[in-house]
Amino acid sequence: MNDKTKDQSPEPKAGEIRALTPEEVASLPGQPGNPARRNFMRTSALAGLVGASGLIGGLGLDRAAHAAEPGKMPEDYVAPGHLDEYYGFWSGGQSGELRILGLPSMRELIRVPVFNRSFAIGWGITNESKRVLGKDFPPGGDLHHPHMSQTHGRYDGRYLFANDKAGTRVARIRCDIMRTDKIIKIPNVQAIHGLRVQREPRTGYVFANAEFRIPVPNDGRDLDDPKKYQTMFTAIDGDTMEIAWQVLVDGNLDNTDCDYEGKYAASTCYNGEDAVDLAGMMRSERDWAVVFNIKRIEEAVKAGKFKTIGKSKVPVVDGRHGSPLTMYVPIPKNPHGLNASPDGKYFVVAGKLSPTCTVVEWSKADAYFNGKLKDPRGAVVAEPQLGLGPLHTAFDGRGNAYTTLFIDSQMAKWHIQDAIDDYAGKKTNYLRQKLDVAYQPGHNHSSLGETRDADGRWLVSLNKFSKDRYLPVGPLHPDSDQLIDISGDQMVLVADCPVFSEPHDCIIVPRQIMMSKIKRIWDRKDAFFAETVAQAKQHGITLEKDSKVIRQGKKVFVYMTSSAPKYGLDSFKVKKGDEVTVVITNIDDIEDLTHGFCLTDYGINMEMSPQETSSVTFIADKPGVHWYYCTFFCHALHLEMRGRMLVEA
Ligand code: K7E
Ligand code: CUA
Ligand code: CA
Numbered sequence: 002m003n004d005k006t007k008d009q010s011p012e013p014k015a016g017e018i019r020a021l022t023p024e025e026v027a028s029l030p031g032q033p034g035n036p037a038r039r040n041f042m043r044t045s046a047l048a049g050l051v052g053a054s055g056l057i058g059g060l061g062l063d064r065a066a067h068a069a070e071p072g073k074m075p076e077d078y079v080a081p082g083h084l085d086e087y088y089g090f091w092s093g094g095q096s097g098e099l100r101i102l103g104l105p106s107m108r109e110l111i112r113v114p115v116f117n118r119s120f121a122i123g124w125g126i127t128n129e130s131k132r133v134l135g136k137d138f139p140p141g142g143d144l145h146h147p148h149m150s151q152t153h154g155r156y157d158g159r160y161l162f163a164n165d166k167a168g169t170r171v172a173r174i175r176c177d178i179m180r181t182d183k184i185i186k187i188p189n190v191q192a193i194h195g196l197r198v199q200r201e202p203r204t205g206y207v208f209a210n211a212e213f214r215i216p217v218p219n220d221g222r223d224l225d226d227p228k229k230y231q232t233m234f235t236a237i238d239g240d241t242m243e244i245a246w247q248v249l250v251d252g253n254l255d256n257t258d259c260d261y262e263g264k265y266a267a268s269t270c271y272n273g274e275d276a277v278d279l280a281g282m283m284r285s286e287r288d289w290a291v292v293f294n295i296k297r298i299e300e301a302v303k304a305g306k307f308k309t310i311g312k313s314k315v316p317v318v319d320g321r322h323g324s325p326l327t328m329y330v331p332i333p334k335n336p337h338g339l340n341a342s343p344d345g346k347y348f349v350v351a352g353k354l355s356p357t358c359t360v361v362e363w364s365k366a367d368a369y370f371n372g373k374l375k376d377p378r379g380a381v382v383a384e385p386q387l388g389l390g391p392l393h394t395a396f397d398g399r400g401n402a403y404t405t406l407f408i409d410s411q412m413a414k415w416h417i418q419d420a421i422d423d424y425a426g427k428k429t430n431y432l433r434q435k436l437d438v439a440y441q442p443g444h445n446h447s448s449l450g451e452t453r454d455a456d457g458r459w460l461v462s463l464n465k466f467s468k469d470r471y472l473p474v475g476p477l478h479p480d481s482d483q484l485i486d487i488s489g490d491q492m493v494l495v496a497d498c499p500v501f502s503e504p505h506d507c508i509i510v511p512r513q514i515m516m517s518k519i520k521r522i523w524d525r526k527d528a529f530f531a532e533t534v535a536q537a538k539q540h541g542i543t544l545e546k547d548s549k550v551i552r553q554g555k556k557v558f559v560y561m562t563s564s565a566p567k568y569g570l571d572s573f574k575v576k577k578g579d580e581v582t583v584v585i586t587n588i589d590d591i592e593d594l595t596h597g598f599c600l601t602d603y604g605i606n607m608e609m610s611p612q613e614t615s616s617v618t619f620i621a622d623k624p625g626v627h628w629y630y631c632t633f634f635c636h637a638l639h640l641e642m643r644g645r646m647l648v649e650a
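With our numbering applied, the sequence shown closes on residue 650, and no number is skipped along the way.
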């Protein structure tokens, strides 16, 4: 540690816990590895925590100690040929994709393109993917929050849903084929951030927060009149992917979650100030969490108490302060994560600029909405002090909560009931342990922790900085996801796992829920390529048998099969300027025998897994010989698996 690095933060009095000022935030020695980080931690928030709980800085480890004893296999070890116990569904952040990992090995298994383009799969290239992406799809997306559909508060293995903050979209991924099958643009709002699914009775609704306030309609009016900006909470029907309704709110919307009874959803707001600059967004000591009364909103929509905006037919109800549809619970300060506890009783809001988490009891919302509770702050049942920069909370199903502390680079384990008792005036040591993580954690997630089945086995800390933990690879560093064993009394750090930019969130699902549902070979009747099959039928083509060229004026349809190591056509001829549609059906039905179709110098590649049909449409604008070749190594004669497109000048 470098003693010369001075901590610039003001000295708080012993036992003092307070929110950070904007100036303090600006001068935070928050950079990982900066020795001042530890100094800051010691002199500020922890000064209070020591008094409150007698705990300091976890195990005091700067380096991960491996859980395994010498000579023993580490507990995250999965032997060659053995399968992981859990699936991890990982956000790909600004990569726009979803990633599937195995846990506890943390091995990446595959990537599912969602908002991004993928040349490997042909996502953004094939007609099938363009039907999902839409005609004018943007170059990528920013996927933060993947969540699986639930039935009665349990994962049901049907769908995954995810947000795109960059493009104001929500996507659905089919779990049986792990393909994105729907992407919708959310109207009237900008930047979908927090996203969660209805738990009871099932999903049901997908709840989506729009983070940024904008003029509505956003057509050039009220450009620099922030008072007229607004944002909305959106409920999407997960079965149809149509938007059910939107709720106009005060402030902005960040993260969201819902209860286990199907009555309420809740969202954090960090910009209750309605500011458009950093200092302004930190002006108030408290922002809030807004609770949405789902039944009342549905009734209002049914009764016609809504408006529509512009061309959108989506019913918009007014949920601003004073509305009977919402409850605004004041929360310190610029809160971020909002997580429902798996016992169904509470949601926990992370204070971000306040060293606290706020525990709100769902049932107090009943009291508020039926008039018995007047002050929404009365819904707060605990506000434990945890450390600097609380962002997200996970649960183990044994009454403990785990909160990431971004600024402290720690995971705080605390006991919910003890925190409630403490808030009620009984002094308790609710803080159980602090574990150093490396570095700057954002989300965390526990195995099954967002369901009734929270099993308290694994916790992942998704750290934004990796700094010195891995071999240097240039100025852009990998993120660092750390696996933590939470099965015992103490959290134990088990593994460091570098990841490409930038996972925000993940979920951890036991393999039992998934394995029987996942297809290993395509079903020829699959809806994903049904439109292509129907079109072929109109041309009199049976895709599994025929390899044939059909010309309709300037449109040319090239149908062929693929079977290792041969395409159904060795060549086909078109004229310059023709619109060519190549449709390929992989008639191999052996697991893992995938073919590709790459058209050289045409920027086209696509994948056909066993029994899959893929198609691509392009203009043959370059005359000459263009070889097409297989891009998945399928056979000893894979290199010979090729043919010619002859384009007449
Ligand atoms: Cu869920 Cu990163 Cu979008 Cu928190 S957000 S870290
Ligand atoms: Cu087919 Cu390689
Ligand atoms: Ca604020």
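Ideal Cβ positions, reconstructed from N, Cα and C, are used throughout, including at glycine.
Test item, CB below 6 Å from any non-hydrogen atom of ligand 1: H145, H146, H194, N256, H337, G338, L392, H393, G443, H444, H505 and D506
Three-state secondary structure assigned by DSSP to D165: strand
DSSP three-state assignment for T257, whether helix, strand or coil: strand
Lining residues of ligand 3 - beta-carbon closer than 6 Å to any non-hydrogen atom, in sequence order: Summarising the contact set, residues whose Cβ lies nearer than 6 Å to any heavy atom of ligand 3 are, in chain order, Y271, N272, G273, E274, M282, M283, S285, D288 and N335.
V217 in three-state terms, based on DSSP: coil
Supposed close pair R512, D85 - CB separation, criterion 8 Å: 7 Å
Counted within 10 angstroms of its Cβ, other Cβ atoms place Q430 as buried (16 or more) or exposed: What sits at residue 430 in the sequence shown is Asn, not Gln. By the 10 Å Cβ count, N430 comes out exposed.
Whole-number beta carbon distance between V250 and G320, since they are thought to touch under 8 Å: 5 Å
Exposure of M296, with buried meaning 16 or more beta-carbon neighbours within 10 Å: Here residue 296 is Lys; the residue named in the question, Met, does not match the sequence. Looking at its Cβ environment, which holds fewer than 16 other Cβ atoms inside 10 Å, K296 is exposed.
8 Å contact criterion, which G97 and N117 should meet: CB distance rounded: 3 Å
Member of D602, D527 and K346 whose CA lies at the smallest distance from the CA of R180: Nearest option by C-alpha distance: D527.
Contiguous beta strand (DSSP E) assignments of at least 3 residues, all confined to the stretch 323-383: 327-333, 339-341, 347-351, 358-362 and 381-383
Inter-residue spacing [alpha-carbon to alpha-carbon] between G305 and A535: Straight-line Cα distance between these residues: approximately 40 Å.
DSSP beta-bridge partners of N128: Paired residue(s): none; N128 is not in a bridge.
Where W628 falls, given that 16 or more other Cβ within 10 Å makes a residue buried: exposed
First and last residue of the uninterrupted beta strand (DSSP E) at M412: Q411 to H416
Cβ neighbours of I101 in the same chain (closer than 8 Å, five flanking residues each side left out): Y88, G89, F90, W91, E109, L110, I111, R112, V113 and M179
Inter-residue CB distance, V302 and S268 (contact presumed, cutoff 8 Å): Wrong, their Cβ atoms sit about 19 Å apart, outside the cutoff.
Segment contact flag, the stretch 434-441 with the stretch 472-487, C-beta cutoff 8 Å, min 3 pairs: Using a Cβ-Cβ distance cut-off of 8 Å, the stretch 434-441 and the stretch 472-487 are in contact, since at least three pairs of beta carbons, one from each stretch, lie closer than that value.
Contiguous beta strand (DSSP E) assignments of at least 3 residues, all confined to the stretch 435-492: 442-447, 459-464 and 480-486
Where Q553 falls, given that 16 or more other Cβ within 10 Å makes a residue buried: exposed
C-beta contact flag for A163 and L144 at 9 Å: yes
G443, buried or exposed, once every other Cβ within 10 Å from all chains shown has been counted against 16: By the 10 Å Cβ count, G443 comes out buried.
Cβ-based burial, A280 [other Cβ within 10 Å; buried from 16]: exposed
Residue environment, M412, which counts as buried when at least 16 other CB atoms sit within 10 Å: The residue is buried, with at least 16 neighbouring Cβ atoms inside 10 Å.
Assumed close pair L374, A383 - CB separation to whole angstroms, cut-off 8 Å: No, L374 and A383 are not in contact; Cβ-Cβ is about 16 Å, not under 8 Å.
Coarse secondary structure for A211, derived from DSSP in three states: strand
Of the listed residues P356, D288, V315 and A351, nearest to Y329 (C-alpha basis): D288
Nearest candidate by alpha-carbon position, reference D454, set V217, G398, A236 and H393: G398
Outcome for Q1 when other beta-carbon atoms lying within 10 angstroms are tallied against a minimum of 16: The question about residue 1 has no answer, for the chain in this structure spans 2 to 650.
N-terminal and C-terminal residue of the alpha helix (DSSP H) that Q553 is part of: That residue, Q553, is in no alpha helix (DSSP H); its beta strand (DSSP E) goes K549 to Q553.
A172 beta carbon less than 9 Å from that of I185: yes
Check: H148 C-beta below 8 Å from any heavy atom of ligand 2: No.
Candidates W459, S564 and A351: closest to G388 by CA position: Considering only alpha carbons, the answer is A351.
Neighbourhood of E201 by C-beta distance below 7 Å, restricted to the same chain and skipping five residues each side: H153, G154, Y261, E262 and G263
Counterpart residues of F619 in DSSP-defined beta bridges: V581
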